[in-house]
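One structure is given below, encoded as structure tokens.
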Amino acid sequence: MGRVLRATRAFAPGDLVLREAPLLVFVDDDGGHDLVAKALKLSEEERLKLLDMYHLRPGDDPRFAIASYVTEKIEKKVRSVVSSRASESAYRFAFEAISVAKFNAHDFTTASDQSLSGLFPLASLACHSCDANCTFTTMSPSGVISYYAARRISEGDSISILYDGRNAGMPTLQRWKLMAKGRDFMCQCLRCTGPDAMSGIKCHRCQEGVSMPTFPRLLPSTRELPTIADATWLCDTCGCAPEPSMLAKQLTEVSDLTTQLLNVVGSNR
Ligand SMILES: [Zn+2]
Ligand SMILES: [Zn+2]
Numbered sequence: 105m106g107r108v109l110r111a112t113r114a115f116a117p118g119d120l121v122l123r124e125a126p127l128l129v130f131v132d133d134d135g136g137h138d139l140v141a142k143a144l145k146l147s148e149e150e151r152l153k154l155l156d157m158y159h160l161r162p163g164d165d166p167r168f169a170i171a172s173y174v175t176e177k178i179e180k181k182v183r184s185v186v187s188s189r190a191s192e193s194a195y196r197f198a199f200e201a202i203s204v205a206k207f208n209a210h211d212f213t214t215a216s217d218q219s220l221s222g223l224f225p226l227a228s229l230a231c232h233s234c235d236a237n238c239t240f241t242t243m244s245p246s247g248v249i250s251y252y253a254a255r256r257i258s259e260g261d262s263i264s265i266l267y268d269g270r271n272a273g274m275p276t277l278q279r280w281k282l283m284a285k286g287r288d289f290m291c292q293c294l295r296c297t298g299p300d301a302m303s304g305i306k307c308h309r310c311q312e313g314v315s316m317p318t319f320p321r322l323l324p325s326t327r328e329l330p331t332i333a334d335a336t337w338l339c340d341t342c343g344c345a346p347e348p349s350m351l352a353k354q355l356t357e358v359s360d361l362t363t364q365l366l367n368v369v370g371s372n373r
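Numbering (this note's numbering) for the sequence shown: 105 to 373.
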């Protein structure tokens, strides 16, 4: 586990927990030009803060195989920003700055409705949790980020946020896929490591309960995401595991139904 951000005192729900001005604000749809130009203007101390955030260095492989596309994407941006005659250190700095932005930037909208991204070194130390104890917002005229307590927080608790609220209602495997692909990270919070209610199916043994998959904890060396085949299934009512051939049949039915639904949605567009 990396560094964590801990509460220095107790907070009640709704309390302001952290407020930080951006280290760097940049236009993020210009292929990295604005980001690198502004990163180059940072002081030595500010550069250290920038490069202290999670990122890849040239030659690094992302933690997860599904995030491998990131390296090529960053290289492409760096080549468009840095001249081919640039020094190795200039190339390296641009690569690292673009990588920091890829994994840590927060979008925000300014008063002029221009869409910008910001980098917040302290706030970026908060870990992700699907059941986070803080919510955050960057909706402020000055571009600061604010964390608010979503529930009671005790002194010493680690501060967590939900990186992307759009993922909250998804089944575990889908959340993991998006996290690994977008942030080279996979959450191991209580919700992620417990039974996945979003993927539950009717228990055929007691007919009353819901059989839910629980996925094994990820080993630090694993680069592949778990699949549904790695799960252990148990009913929340009778506590029994489903009979394997029955489970396989039910999963095929769910998968066929999902395909049909997606086809209906697709044909209505
Ligand atoms: Zn989680
Ligand atoms: Zn049951």
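The beta carbon of each residue, even a glycine, is placed where N, CA and C say it ideally should be. Every value quoted in this text rests on a predicted model; they were computed, and no experiment measured them.
Measure the CB-CB distance between residue i and residue j and report whether it falls below 7 Å.
i	j	result
Ser-264	Ala-236	yes
Asp-268	Arg-167	no
Leu-223	Ala-209	yes
Ser-203	Asp-211	no
Ala-284	Leu-351	no
Lys-142	Phe-130	yes
Arg-123	Val-248	yes
Ala-125	Asp-261	no
Ala-198	Val-108	no
Arg-113	Glu-259	yes
Pro-162	Arg-196	yes
Compare the C-alpha of residue i against each of the options and name the closest.
i	options	result
Ser-184	His-232, Gly-135, Pro-346 and Arg-270	Gly-135
Ala-169	Leu-146, Ile-249, Trp-337 and Trp-280	Trp-280
Leu-61	Val-186, Ala-201, Arg-196 and Thr-318	This structure cannot speak to residue 61, because the chain is shown only from 105 to 373.
Asp-300	Pro-126, Glu-312, Arg-256 and Thr-336	Thr-336
Leu-277	Leu-160, Ser-228, Glu-179 and Phe-319	Phe-319
Ser-349	Arg-321, Gly-313 and Arg-309	Arg-309
Cys-231	Glu-176, Arg-161 and Met-290	Met-290
Gln-311	Cys-342, Asp-334 and Ile-332	Cys-342
Arg-327	Arg-151, Asp-165 and Thr-175	Asp-165
Met-157	Asp-360, Asp-133 and Leu-127	Leu-127
When burial is assigned at 16 or more other CB atoms within 10 Å of the CB, is residue i buried or exposed?
i	result
Lys-206	buried
Lys-181	buried
Glu-148	exposed
Ala-116	exposed
Thr-356	exposed
Pro-324	exposed
Val-369	exposed
Ser-371	exposed
Val-358	exposed
Could you give the C-beta distance for residue i and residue j, rounded to a whole number, given that I count them as a contact under 8 Å?
i	j	result
Gln-364	Ile-305	About 17 Å; that fails the 8 Å criterion.
Met-316	Asp-340	6 Å
Ser-228	Cys-293	Rounded, the Cβ-Cβ distance is 18 Å, inconsistent with contact.
Which residues in the same chain as residue i place their Cβ atom closer than 7 Å to its Cβ, once the five residues preceding and following it in sequence are excluded?
i	result
Ala-171	Ala-284, Lys-285 and Asp-288
Gly-298	Thr-318
His-137	Val-185
Please return the same chain residues whose Cβ sits closer than 8 Å to the Cβ of residue i, not counting the five positions on each side in sequence.
i	result
Tyr-252	Gly-118, Asp-119, Leu-120, Val-121, Cys-238, Thr-239, Phe-240 and Thr-241
Leu-338	Pro-299, Ser-315, Met-316, Thr-318, Cys-344 and Ala-345
Thr-362	none
Between residue i and chain D, is there a C-beta pair that is closer than 7 Å?
i	result
Arg-113	Absent here is chain D; the protein component of the structure consists of one chain.
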